[in-house]
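Down below is the structure, laid out as structure tokens.
Residue numbers (the working numbering): 2 to 234.
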């Protein structure tokens, strides 16, 4: 597995790069990745079938010149930016049979994330299918989503550690589809930051996967694929 510590300058590049890695591994039927990234720019991301008019206060986003983009995976609408660490996995279904079942794949991956957090004294729990929240007050700090290919999956998630939570309240409407554990709480009562050093979390998480190489730059082939994706997607 290759570890990628790689953040791009634009929101579009940061989103599309995950898709490029999945595309390349599917094409070659080889390779697994763990990527970390964090945007310095605030932007909004819709899930694959999300609707901006339903999820986003578009007037405020336009007023603040905040981009509204779409990712290829499922899940709900989120706000990205400084203080929100992202982790992305490209994993082989053949190497790990648990990944062939969507529910087991979430349990496996988020189990590793939770184990890493517990080593940093964060007491948290998994709320199926895609959330992690603090055990004490069930406040959410991590959301996750997947895009499932034929032989590989893309799993990516967020980790709020020093994010301006007021941005979520400003730009996102209350979702119609809410998990039971949310108990109709407002955005500010439901989400929270966790007190961690993001670099310490990276170290803990990467210990749980067979990392053989670390890279902090994009390869030539990856750049060609990404440029094509940026034009065609």
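Cβ coordinates follow ideal geometry from the N, Cα and C atoms, glycine included.
Roughly how many angstroms separate the alpha carbons of residue i and residue j, rounded to a whole number?
{"i": "residue 180", "j": "residue 143", "result": "14 angstroms"}
{"i": "residue 189", "j": "residue 159", "result": "17 angstroms"}
{"i": "residue 172", "j": "residue 228", "result": "29 angstroms"}
{"i": "residue 109", "j": "residue 161", "result": "21 angstroms"}
{"i": "residue 215", "j": "residue 184", "result": "41 angstroms"}
{"i": "residue 182", "j": "residue 176", "result": "14 angstroms"}
{"i": "residue 204", "j": "residue 213", "result": "14 angstroms"}
{"i": "residue 19", "j": "residue 186", "result": "32 angstroms"}
{"i": "residue 41", "j": "residue 82", "result": "6 angstroms"}
{"i": "residue 198", "j": "residue 114", "result": "14 angstroms"}
{"i": "residue 29", "j": "residue 105", "result": "25 angstroms"}
{"i": "residue 222", "j": "residue 139", "result": "43 angstroms"}
{"i": "residue 101", "j": "residue 107", "result": "11 angstroms"}
Relative to the C-alpha of residue i, which candidate in the options has its C-alpha closest?
{"i": "residue 137", "options": "123, 28, 174 and 149", "result": "123"}
{"i": "residue 152", "options": "13, 105, 23 and 113", "result": "23"}
{"i": "residue 25", "options": "92, 129 and 197", "result": "92"}
{"i": "residue 88", "options": "67, 35 and 15", "result": "35"}
{"i": "residue 154", "options": "212, 58, 99 and 63", "result": "99"}
{"i": "residue 33", "options": "217, 10, 156 and 167", "result": "156"}
{"i": "residue 111", "options": "130, 195 and 43", "result": "130"}
{"i": "residue 118", "options": "47, 208, 150 and 55", "result": "208"}
{"i": "residue 210", "options": "64, 139 and 96", "result": "96"}
{"i": "residue 73", "options": "222, 13, 58 and 225", "result": "13"}
{"i": "residue 132", "options": "76, 102, 101 and 167", "result": "76"}
{"i": "residue 202", "options": "145, 128, 107 and 120", "result": "120"}
{"i": "residue 103", "options": "145, 63 and 64", "result": "145"}
Going by the CB atoms, is the gap between residue j and residue i shorter than 8 angstroms?
{"i": "residue 192", "j": "residue 169", "result": "yes"}
{"i": "residue 134", "j": "residue 147", "result": "no"}
{"i": "residue 46", "j": "residue 8", "result": "no"}
{"i": "residue 21", "j": "residue 230", "result": "yes"}
{"i": "residue 164", "j": "residue 194", "result": "yes"}
{"i": "residue 15", "j": "residue 37", "result": "no"}
{"i": "residue 43", "j": "residue 67", "result": "yes"}
{"i": "residue 150", "j": "residue 39", "result": "no"}
{"i": "residue 174", "j": "residue 56", "result": "yes"}
{"i": "residue 17", "j": "residue 234", "result": "yes"}
Between which two residues does the beta strand (DSSP E) carrying residue i extend?
{"i": "residue 125", "result": "125-128"}
{"i": "residue 88", "result": "85-93"}
{"i": "residue 112", "result": "Here residue 112 belongs to no beta strand (DSSP E); instead the alpha helix (DSSP H) covers 103-119."}
{"i": "residue 122", "result": "Unbroken run through residue 122: none, as it is neither H nor E."}
{"i": "residue 67", "result": "Where residue 67 is concerned, there is no enclosing beta strand (DSSP E), given that its DSSP letter is neither H nor E."}
{"i": "residue 9", "result": "Careful: residue 9 lies outside any beta strand (DSSP E) and carries neither H nor E."}
{"i": "residue 45", "result": "44-47"}
{"i": "residue 81", "result": "79-81"}
Grab the span of the alpha helix (DSSP H) containing residue i for me, first residue to last.
{"i": "residue 187", "result": "It is not in any alpha helix (DSSP H) - residue 187 carries neither H nor E in the DSSP assignment."}
{"i": "residue 24", "result": "12-29"}
{"i": "residue 53", "result": "53-56"}
{"i": "residue 205", "result": "199-207"}
{"i": "residue 64", "result": "59-64"}
I need the DSSP call for residue i, collapsed to helix, strand or coil.
{"i": "residue 132", "result": "strand"}
{"i": "residue 3", "result": "strand"}
{"i": "residue 181", "result": "helix"}
{"i": "residue 194", "result": "coil"}
{"i": "residue 159", "result": "strand"}
{"i": "residue 167", "result": "helix"}
{"i": "residue 146", "result": "strand"}
{"i": "residue 98", "result": "helix"}
{"i": "residue 223", "result": "helix"}
{"i": "residue 34", "result": "strand"}
{"i": "residue 210", "result": "coil"}
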